[in-house]
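Residue numbers (this note's numbering), protein chains in the order written: chain A, 1 to 116; chain B, 117 to 226.
Notes to accompany the following structure.
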Amino acid sequence: DVKVTQSSRYLVKRTGEKVFLECVQDMDHENMFWYRQDPGLGLRLIYFSYDVKMKEKGDIPEGYSVSREKKERFSLILESASTSQTSMYLCASSDARDGRSYTEAFFGQGTRLTVV
Amino acid sequence: QKEVEQNSGPLSVPEGAIASLNCTYSDRGSQSFFWYRQYSGKSPELIMSIYSNGDKEDGRFTAQLNKASQYVSLLIRDSQPSDSATYLCALAGDAGKSTFGDGTTLTVKP
């Protein structure tokens with residue numbers, strides 16, 4: 001059974017804190033993604049990575065950074081958390097072997113982050 | 117214009133009815149199309165994928181793709197209360213990046 005695991009289900013952080021969200025996948029997928037989901041705004045891509053140490057900005061990268069030191073792990077970092085970053089954060093991975101780039105995403109369970 | 121547009125919803129159908137969810141997209145080069153189901157407070161899970169024009173059936177679910185008209189739809193036959201969820205239409209592009217619609221919330225009333 002494929003699995004994408006996010007380190008926390010719920011987090012409460014204070015404004016200005018540095019926040020780390022961790023994601024691990026056990027499917028040996030090349031691609032990993034971080035999305036945030038807000039009511040009325042749908043799923044928005046923050047960053048994605050198609051290989052170790054490689055990253056590309058998505059649609060809303062401001063205020064975030066990422067790290068991918070190992071293939072199975074993709075971390076999202078909020079450098080200085082703000083209340084506007086209160087949201088549901090979803091990690092996902094997808095398979096790109098053998099040129100199969102157009103494949104479905106597998107999601108983690110999500111992290112509900114509240115910044116106070 | 118958004119890249120992926122879905123019925124604004126919410127959609128309500130009685131138990132046993134057919135629920136029809138629609139999605140249009142703007143990129144004519146899109147190759148892969150997916151439907152995800154998302155229960156409240158949970159993450160999206162894939163329920164159907166479709167790559168070729170026509171219909172694809174899986175149990176009570178049928179995905180329909182028409183690339184000439186740039187739409188993809190999902191039919192749920194014999195709808196059950198457990199089908200009540202938000203359904204997300206998605207297109208996969210380069211490097212596996214998916215573009216998602218905003219979702220249509222379906223309620224199946226017993």
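Just so it is clear, CB atoms sit at the ideal spot from N, CA and C, and this is done for glycine as well.
Quiz item: With a cut-off of 8 Å, does the C-beta of K213 (chain B) fall near any C-beta of chain A?
Solution: Chain A contact via Cβ: present.
Self-check item: Minimum Cβ-Cβ distance from A208 (chain B) to chain A less than 8 Å
Solution: The beta carbon of A208 (chain B) falls within 8 Å of a beta carbon belonging to chain A, placing the residue at that interface.
Practice problem: Compare the C-alpha of V188 (chain B) against each of B:Q196, B:Y167, B:S198, B:E131 and name the closest. | Solution: B:Y167
Practice problem: Reducing DSSP to helix, strand and coil, say where Q6 (chain A) ends up. | Solution: strand
Quiz item: How many Å lie between I46 (chain A) and C91 (chain A) at the Cα?
Solution: 10 Å
Quiz item: Beta-carbon of F177 (chain B) versus every beta-carbon of chain A: anything under 8 Å?
Solution: no
Practice problem: Could you tell me the distance, in whole angstroms, from the CA atom of V115 (chain A) to the CA atom of T140 (chain B)? | Solution: 35 Å
Quiz item: Exposed or buried, what is Y10 (chain A) when buried is set at 16 or more other beta-carbons lying within 10 Å of its beta-carbon?
Solution: exposed
Quiz item: When the distance is taken between beta carbons, is F150 (chain B) closer than 8 Å to A184 (chain B)?
Solution: For A184 (chain B) and F150 (chain B), no; Cβs fall outside 8 Å.
Practice problem: Below 8 Å on the Cβ atoms is my guess for D194 (chain B) versus G132 (chain B); work out the distance and round it to an integer in Å. | Solution: 6 Å
Self-check item: Partners in chain A for G219 (chain B), counting only beta-carbon separations shorter than 8 Å
Solution: Residues of chain A whose Cβ lies closer than 8 Å to the Cβ of G219 (chain B) are, in chain order, G42.
Practice problem: Given a cut-off of 8 Å, decide if F48 (chain A) and F33 (chain A) are closer than it, judged by their beta-carbon atoms. | Solution: Yes, these two residues count as a Cβ contact at 8 Å.
Quiz item: Where does S234 (chain B) land, buried or exposed, given buried means 16+ other C-beta within 10 angstroms?
Solution: Residue 234 (chain B) is absent from the structure shown; chain B starts at 117 and stops at 226.
Quiz item: Alpha carbon to alpha carbon, what distance is there between T111 (chain A) and P164 (chain B)?
Solution: The identity of residue 164 (chain B) in the sequence shown is Met, whereas the question assumes Pro. Going from the Cα of M164 (chain B) to the Cα of T111 (chain A) covers about 25 Å.
Quiz item: Which class does D28 (chain A) belong to by DSSP, given the choice of helix, strand or coil?
Solution: coil
Practice problem: Take D59 (chain A) as the anchor and find which of A:Q37, A:E22, A:C23 has the nearest alpha-carbon. | Solution: A:Q37
Quiz item: Mind pulling the chain A residues with CB within less than 8 Å of S159 (chain B)?
Solution: The answer, in chain order, is L90, F107, G108, Q109, G110.
Quiz item: Along the chain, where does the beta strand (DSSP E) that runs through R193 (chain B) open and close?
Solution: Per DSSP, R193 (chain B) belongs to no beta strand (DSSP E) and is neither H nor E.
Practice problem: Please report how far the alpha carbon of T223 (chain B) lies from the alpha carbon of Q154 (chain B), in whole angstroms. | Solution: Cα to Cα, the separation comes out at about 12 Å.
Quiz item: In chain order, what residues of the same chain have a beta carbon less than 8 Å from the beta carbon of T83 (chain A), not counting five sequence neighbours either side?
Solution: Excluding sequence neighbours, T83 (chain A) sits near T15, V115, V116.
Practice problem: Determine, using beta carbons only, whether S113 (chain B) comes closer than 8 Å to chain A. | Solution: A query on residue 113 (chain B) cannot be resolved here, the shown segment of chain B reaching from 117 to 226 and no further.
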